[in-house]
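Q:
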Amino acid sequence: MTNGARSDSIVRGFALSSVFWLLVGLVVGLWLAAEMIYPALNLAPWLAFGRLRVVHTNGLVFGFAIGGIFACSFHILEKLTRTPLVFPGLAKAQLWLFNIAIALAALSLFAGMNTSKEYAELEWPLDIVVVVLWVMFAVNVMGTLVKRREKQMYVSLWFLIACVVTVAVVYILNSLAIPVSLTKSYSAYAGVNDANVQWWYGHNAVASVLTFPILAMFYYFLPKSTGLPIYSHRLSIIAFWSLVFGYLWTGAHHLMLTPVPEWIQTVALAFSMFLIAPSWASVINGFYTMNGNWDKMKSNYLVKFFILGITFYGLQTIQGPTQAIRALSGFLHYTEYIPGHVHMGTMGWVTMIITASMYFSMAKISGREIHSVKLANVHFWLILVGQLLFTVTLWIAGIVQGAMWKATNPDGSLTYTFLDSVAAMYPYWTVRLVGGLLYFAGIAVFAYNLYMTSRPKPGTKSSAAAAAKAQAA
Amino acid sequence: MTLRATAYLLFTLLLAGIFAGIIAYYFNRKRYERVEAPKHRMLADDNNLPDPTGSRREG
Amino acid sequence: MRFDSLYEKPVLFAIAAVVVISVGTLVTTFIPLFLPSTQPVSPLIKPYSAVETEGRDIYIREGCNNCHTQTVRPLRTEVARYGDYSRPEESAWDRPFLWGSRRTGPDLARAGGKYPDAWHYRHMANPQAMFDKSNMPPYPWLANAKLDTSLTARKVKTLGYGYDGAEVARQLAAFRQTVTAPTYPSAQVRSQVTPVGLRGEITELDALVAYLQKLGRDLKAAQKPVAVSATAEAAESKNPYAGNRAAEEEGEKIFKENCRSCHGEKGAGGVGPNLATTARKYGGSDGELFDSVAVGRPGGMPAFLPQLGKDRVWKAVAYIRHLEKERR
Numbered sequence: 050m051t052n053g054a055r056s057d058s059i060v061r062g063f064a065l066s067s068v069f070w071l072l073v074g075l076v077v078g079l080w081l082a083a084e085m086i087y088p089a090l091n092l093a094p095w096l097a098f099g100r101l102r103v104v105h106t107n108g109l110v111f112g113f114a115i116g117g118i119f120a121c122s123f124h125i126l127e128k129l130t131r132t133p134l135v136f137p138g139l140a141k142a143q144l145w146l147f148n149i150a151i152a153l154a155a156l157s158l159f160a161g162m163n164t165s166k167e168y169a170e171l172e173w174p175l176d177i178v179v180v181v182l183w184v185m186f187a188v189n190v191m192g193t194l195v196k197r198r199e200k201q202m203y204v205s206l207w208f209l210i211a212c213v214v215t216v217a218v219v220y221i222l223n224s225l226a227i228p229v230s231l232t233k234s235y236s237a238y239a240g241v242n243d244a245n246v247q248w249w250y251g252h253n254a255v256a257s258v259l260t261f262p263i264l265a266m267f268y269y270f271l272p273k274s275t276g277l278p279i280y281s282h283r284l285s286i287i288a289f290w291s292l293v294f295g296y297l298w299t300g301a302h303h304l305m306l307t308p309v310p311e312w313i314q315t316v317a318l319a320f321s322m323f324l325i326a327p328s329w330a331s332v333i334n335g336f337y338t339m340n341g342n343w344d345k346m347k348s349n350y351l352v353k354f355f356i357l358g359i360t361f362y363g364l365q366t367i368q369g370p371t372q373a374i375r376a377l378s379g380f381l382h383y384t385e386y387i388p389g390h391v392h393m394g395t396m397g398w399v400t401m402i403i404t405a406s407m408y409f410s411m412a413k414i415s416g417r418e419i420h421s422v423k424l425a426n427v428h429f430w431l432i433l434v435g436q437l438l439f440t441v442t443l444w445i446a447g448i449v450q451g452a453m454w455k456a457t458n459p460d461g462s463l464t465y466t467f468l469d470s471v472a473a474m475y476p477y478w479t480v481r482l483v484g485g486l487l488y489f490a491g492i493a494v495f496a497y498n499l500y501m502t503s504r505p506k507p508g509t510k511s512s513a514a515a516a517a518k519a520q521a522a
Numbered sequence: 680m681t682l683r684a685t686a687y688l689l690f691t692l693l694l695a696g697i698f699a700g701i702i703a704y705y706f707n708r709k710r711y712e713r714v715e716a717p718k719h720r721m722l723a724d725d726n727n728l729p730d731p732t733g734s735r736r737e738g
Numbered sequence: 070m071r072f073d074s075l076y077e078k079p080v081l082f083a084i085a086a087v088v089v090i091s092v093g094t095l096v097t098t099f100i101p102l103f104l105p106s107t108q109p110v111s112p113l114i115k116p117y118s119a120v121e122t123e124g125r126d127i128y129i130r131e132g133c134n135n136c137h138t139q140t141v142r143p144l145r146t147e148v149a150r151y152g153d154y155s156r157p158e159e160s161a162w163d164r165p166f167l168w169g170s171r172r173t174g175p176d177l178a179r180a181g182g183k184y185p186d187a188w189h190y191r192h193m194a195n196p197q198a199m200f201d202k203s204n205m206p207p208y209p210w211l212a213n214a215k216l217d218t219s220l221t222a223r224k225v226k227t228l229g230y231g232y233d234g235a236e237v238a239r240q241l242a243a244f245r246q247t248v249t250a251p252t253y254p255s256a257q258v259r260s261q262v263t264p265v266g267l268r269g270e271i272t273e274l275d276a277l278v279a280y281l282q283k284l285g286r287d288l289k290a291a292q293k294p295v296a297v298s299a300t301a302e303a304a305e306s307k308n309p310y311a312g313n314r315a316a317e318e319e320g321e322k323i324f325k326e327n328c329r330s331c332h333g334e335k336g337a338g339g340v341g342p343n344l345a346t347t348a349r350k351y352g353g354s355d356g357e358l359f360d361s362v363a364v365g366r367p368g369g370m371p372a373f374l375p376q377l378g379k380d381r382v383w384k385a386v387a388y389i390r391h392l393e394k395e396r397r
């Protein structure tokens, strides 16, 4: 293999698998959005809301996001180390095991085999499979890094390493459980400690899956698709270490005003505020990179994905810490505001960056231009409008709901029953479903466009490389 | 001031100190070129990776 | 060693990253595991019974925690809506914890004893029949499944609840006898939702209802003396709205929102007793009616005073009087 990348077929495999799970996860999400309005859709045990919600979150975090991370990581890794993947056979096995694991995960969650710990719902045998998959991934990442031909590691590789170690630590420690059968186990921690460990995990799953590797993609693919160097590499050093240090303290901001010890909540709140700084360092790095070249927003179809993506990341990392403030948490927590917040991060930041990164790397490995820039633009606008409709509606819904829960009469009694607050949500849930449908349409366009781009081009490798190069410029 | 409050304060100051130290170290002008080098190298052509059997290391 | 050579040594870098993520982990997660103050244990909070343990596992299997929280925060309106705020001791036996993160439905930490079992049987089978605006999904199939108790003894042992397999068998037999007896207070509604073949068995729904009735029960029992002294009105007090037509109309609205789901259209009865009558178990004076609504009665009449306030409770009482009159 003279022009190098041993991982091309593996990258393609992970990317297409990831998009497949994305479509599955979104269909489940749409069904859930409809079930919120029409509870009669709870047709059978396997379609009941409580089980489907878990299929939705796991399918998208583990199927789509992790799949996309594997795809883009292998691509970035080879390019930034100028070294072919050290164990391509292992990576191929990882691709197979990944898809089998996600399929089994979905089936087991549909069947109600569920630990109830959010984003760690898989029962213990599948936890072991996840750990095996992660070790396979880590071996290739670290092995390739050790063998690399590029002396210094670029910032994307640091975030990749942080992802590898943090996922391992938080996933294993939170999933410790005592089995009673093959499909049932009980958490190793009880009560308050279980809550504290779970949200330490929950928050750092967001950090190590939906932040670190996505930042790795952002720092790699924005410069690569524009030809502009990142504004400040040393700023990214500061941002990296403070982000990686600060994130692990903040889990308890999901548990404000609960029986978790107050000092843990306060420390979490303080570090949540601190995290604005390193998060915005990446936002600033992104914006200043474009300084003087903002015309590329129009001339280069990929730039707007990255810039809008990092903008939503910036908004997300302001909104998150404000939600941790006790008074605001008391008002907003448990309302629709929180799903609104989460979906801006996932539909805005994560999906914008992963889909754009896939366009770029897929064009590069298949040696052809993207199938259609026009369709990519349609995809962009549909997911942008769909996401905004979805999230802004839920923020408003959450504020309405929080206000209704808190409203009191002059004598101190409650103005609204809980059911009043449910009845007030139906219009918002309908708009959310519409937003979700628009978003899904955008993702369907993306899936088609990416698939058409992924078909290997008949012809020589050299023409492939040239085409990819032209596309990068 | 209680022991607990003192501990909180000292810990905060320690973290702030480390943070300031890291910034001072990396934003020192004499390290500028070395620290910023990777951002230019990553833009260089990477379409042709060397043969896996080679062991040349660049940079 | 120069600090910036870290970026040339991936293994060292990975170790550095582990060290950096460990600091916050140690302080906020690991050390609290070994502090008894993080998860205090109280003898007043009892472990789950065998049936409640199985019910809890059904709650987990169906992912109820995705829509219902089980932690009341120390906020005035929240305590008024759900009941006393959650204490850490209450979670001591919970593996996993089930505090939840979203209230698509109401908090359940104080659900135990709030309503009679019959309320839950009817509600799980068809929530919209009781509350037409509710988006609670119906779970009729839970009553169609016999409870699998093959692992119960092992579960209880793993969870360290302090009783053995023989006790598990005894509890299961006793529970089965209770819910299948014709004297079971919710027998009629239970047999409406349970298929004939399973009426003599413990169903998954039976276990789930038993679990829901345990939530917050021990704390309430421990606090009982306080609740009684909080009774707001003396038996001899008079309704300030007696005979006031406008107040009765307002009372009707309050009744429809809060009482109808149990006491039926125009108070004709359902899960709760018929109210359009003068024969009353807890007395028929204004003050006694007020108390029934305000602080609740044993067997599943919830306290409405914190939610509704005195004024609206009196209006509801005025409407109940009006129903009495209509009946005559």
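Protein chains in written order, with this note's numbering: chain P, 50 to 522; chain S, 680 to 738; chain A, 70 to 397. Even glycine gets a Cβ: it sits at the ideal position worked out from N, Cα and C.
Comparing C-alpha positions only, which one of A376/P, V216/P, M202/P and W398/P sits nearest to K455/P?
A: What you label residue 455/P is simply residue 406 of the first sequence in a count that begins at 1. Closest by alpha carbon: A376/P.
Q: For T272/A, which beta-bridge partners are listed by DSSP?
A: For the purposes of this step, residue 272/A is taken as the residue at position 203 of the third sequence. Answer is K215/A, bridged to T272/A.
Q: Taking all protein chains shown into account, do 16 or more other C-beta atoms lie within 10 angstroms of the C-beta of E121/A, making it buried, or fewer, making it exposed?
A: Residue 121/A sits at position 52 when you count from the first residue of the third sequence. Under this definition E121/A is a buried residue.
Q: Within 10 angstroms of the Cβ of F103/A, are there 16 or more other Cβ atoms? Answer buried if so, exposed if not.
A: Start at 1 with the first residue of the third sequence, and residue 103/A comes out as number 34. Looking at its Cβ environment, which holds fewer than 16 other Cβ atoms inside 10 Å, F103/A is exposed.
Q: So with CB distances below 7 Å, who are the chain S contacts of L129/P?
A: Taking the first sequence and counting its residues from 1, the one referred to as residue 129/P is at position 80. Ordered by position in chain S, the residues that pass the 7 Å Cβ test against L129/P are M721.
Q: Cβ closer than 7 Å: which chain A residues qualify as neighbours of S230/P?
A: Taking the first residue of the first sequence as position 1, residue 230/P is located at position 181. Ordered by position in chain A, the residues that pass the 7 Å Cβ test against S230/P are L220.
Q: Do you know offhand how far Q257/A's Cα is from G368/A's?
A: Position 188 of the third sequence, counted from the first residue, corresponds to residue 257/A. Position 299 of the third sequence, counted from the first residue, corresponds to residue 368/A. Using only the alpha carbons, I get a separation of about 15 Å.
Q: Can you tell me where the alpha helix (DSSP H) holding S321/P begins and where it ends?
A: Translated into positions along the first sequence, residue 321/P becomes position 272. Looking at the DSSP string, the run of the alpha helix (DSSP H) that includes S321/P is E311 to F323.
Q: Evaluate L482/P with the Cβ neighbour count: other Cβ atoms within 10 Å of its Cβ, from every protein chain shown; 16 or more gives buried, anything less gives exposed.
A: Numbered from 1 along the first sequence, position 433 holds the residue referred to as residue 482/P. L482/P is buried by the Cβ-count criterion.
Q: With the cut-off set at 8 Å, would you say G285/A and A119/A are in Cβ contact?
A: As a first step, residue 285/A is located in the third sequence; it is residue number 216 there, counting from the start. As a first step, residue 119/A is located in the third sequence; it is residue number 50 there, counting from the start. Not a contact, by the Cβ cut-off of 8 Å.
Q: Could you check where the beta strand (DSSP E) with K233/P kicks off and where it finishes?
A: Numbered from its first residue, the first sequence carries residue 233/P at position 184. Taken as a continuous stretch (DSSP letters only), the beta strand (DSSP E) holding K233/P covers K233 to S236.
Q: Could you give the distance in angstroms between the alpha-carbon of E270/A and the alpha-carbon of P264/A?
A: Locating residue 270/A in the third sequence gives position 201, where the first residue counts as 1. Locating residue 264/A in the third sequence gives position 195, where the first residue counts as 1. Their backbone Cα atoms lie some 10 Å apart in a straight line.
Q: Measuring only between beta-carbons, confirm whether W290/P sits less than 8 Å from chain S.
A: In the first sequence, residue 290/P corresponds to position 241, counting from 1. Yes, W290/P counts as interfacial toward chain S.
Q: Per DSSP, Y383/P forms a beta bridge with which residues?
A: As a working mapping, residue 383/P is identified with position 334 in the first sequence. In DSSP, Y383/P forms a bridge with R171/A.
Q: Smallest Cα separation from G99/P: which of V110/P, M85/P and G112/P?
A: Taking the first sequence and counting its residues from 1, one reaches residue 99/P at position 50. The candidate whose alpha carbon is nearest that of G99/P is M85/P.
Q: Could you work out which residue in L499/P, T479/P, I118/P and M396/P is closest to S421/P when comparing CA atoms only?
A: Position 372 of the first sequence holds residue 421/P. Nearest option by C-alpha distance: L499/P.
Q: How is T457/P classed by DSSP in three states: helix, strand or coil?
A: The residue you call residue 457/P lines up with position 408 of the first sequence. DSSP places T457/P in strand when its eight states are reduced to three.
Q: Counting only Cβ-Cβ distances shorter than 7 Å, please list the residues of the stretch 692-718 of chain S near chain P, keeping chain order.
A: Hits within the stretch, in order: F698, I701, I702, Y705, F706, V714, E715, A716, P717 and K718.
Q: Over the uninterrupted beta strand (DSSP E) stretch that includes A226/P, give me the two end residues.
A: Translated into positions along the first sequence, residue 226/P becomes position 177. Where A226/P is concerned, the enclosing beta strand (DSSP E) stretches over A226 to S230.
Q: Determine, using beta carbons only, whether T215/P and F261/P come nearer to each other than 8 Å.
A: Counted from its first residue, the first sequence places residue 215/P at position 166. Counted from its first residue, the first sequence places residue 261/P at position 212. Contact: yes.
Q: Exposed or buried, which one is Q246/A when buried takes at least 16 other CB atoms within 10 Å?
A: Working through the third sequence from its first residue, we reach residue 246/A at position 177. It is exposed - the Cβ of Q246/A has fewer than 16 other Cβ atoms within 10 Å.
Q: Evaluate contact between the stretch 467-480 of chain P and the stretch 408-423 of chain P, counting only Cβ atoms and requiring at least three cross-stretch pairs below 8 Å.
A: They do not touch, by the three-pair rule.
Q: Taking the CB atoms as reference points, tell me whether P116/A and G231/A lie closer together than 8 Å.
A: For the purposes of this step, residue 116/A is taken as the residue at position 47 of the third sequence. For the purposes of this step, residue 231/A is taken as the residue at position 162 of the third sequence. In contact: P116/A and G231/A (Cβ atoms closer than 8 Å).
Q: Shorter than 8 Å from the beta carbon of K200/P to some beta carbon of chain D?
A: Among the chains of the structure shown, chain D does not appear; the protein chains present are P, S and A.
Q: From R197/P, I59/P and I125/P, pick the residue whose C-alpha is nearest to that of L146/P; which is it?
A: Start at 1 with the first residue of the first sequence, and residue 146/P comes out as number 97. Comparing Cα positions, the closest option is I59/P.
Q: Count the other C-beta atoms from every protein chain shown that fall within 10 angstroms of the C-beta of E123/A, then say buried if there are 16 or more, exposed otherwise.
A: Numbered from its first residue, the third sequence carries residue 123/A at position 54. The residue in question, E123/A, is buried, as its Cβ has 16 or more Cβ neighbours within 10 Å.
Q: Is DSSP giving R164/A helix, strand or coil here?
A: Locating residue 164/A in the third sequence gives position 95, counting from the first residue. Looking at R164/A - three-state DSSP - the assignment turns out to be coil, as it is neither helix nor strand.
Q: Taking its Cβ as the centre, do 16 or more other Cβ atoms sit within 10 Å of N223/P, making it buried, or is it exposed?
A: Translated into positions along the first sequence, residue 223/P becomes position 174. When all chains shown are included, N223/P counts as buried.
Q: Give me the chain S residues within the contact set of G276/P, using Cβ-Cβ distance strictly less than 7 Å, ordered along the chain.
A: To locate residue 276/P, count along the first sequence from 1; it is residue 227. Under the 7 Å cutoff, chain S gives L722.
Q: Considering only C-alpha positions, which residue in the set K384/A, L288/A, T146/A and R125/A is nearest to A315/A?
A: Sequence index remark: in the third sequence, residue 315/A carries index 246 (1-based). It is K384/A.
Q: Does the pairing of the stretch 451-469 of chain P with the stretch 384-396 of chain A give three or more beta-carbon distances under 8 Å?
A: Result no; under three Cβ-Cβ pairs closer than 8 Å.
Q: For the alpha helix (DSSP H) containing D380/A, name the first residue and the last one.
A: Translated into positions along the third sequence, residue 380/A becomes position 311. L374 to R396 is the span of the alpha helix (DSSP H), which, as asked, contains D380/A.
Q: Can you confirm whether N52/P, when its beta carbon is compared against all beta carbons of chain S, has any partner nearer than 8 Å?
A: As a working note, residue 52/P is residue 3 in the first sequence. Confidence in N52/P is poor, its pLDDT being 46 and thus under 50, which makes the residue's placement unreliable; the coordinate value appears in the next sentence. With 8 Å as the cut-off, N52/P counts as an interface residue toward chain S.
Q: Would you mind listing the alpha helix (DSSP H) stretches within the stretch 100-141 of chain A that are 4+ residues and don't spill past its ends, in chain order?
A: List check, alpha helix (DSSP H) in window: 119-130.
Q: From which residue to which residue does the alpha helix (DSSP H) around P717/S run?
A: Translated into the one-based positions of the second sequence, residue 717/S becomes position 38. It spans Y711 to R720 - the alpha helix (DSSP H) in which P717/S sits, taken as one unbroken run.
Q: Using a C-beta cutoff of 8 Å, does V80/A count as contacting chain P?
A: For this step, residue 80/A is matched to residue 11 along the third sequence. V80/A counts as touching chain P.
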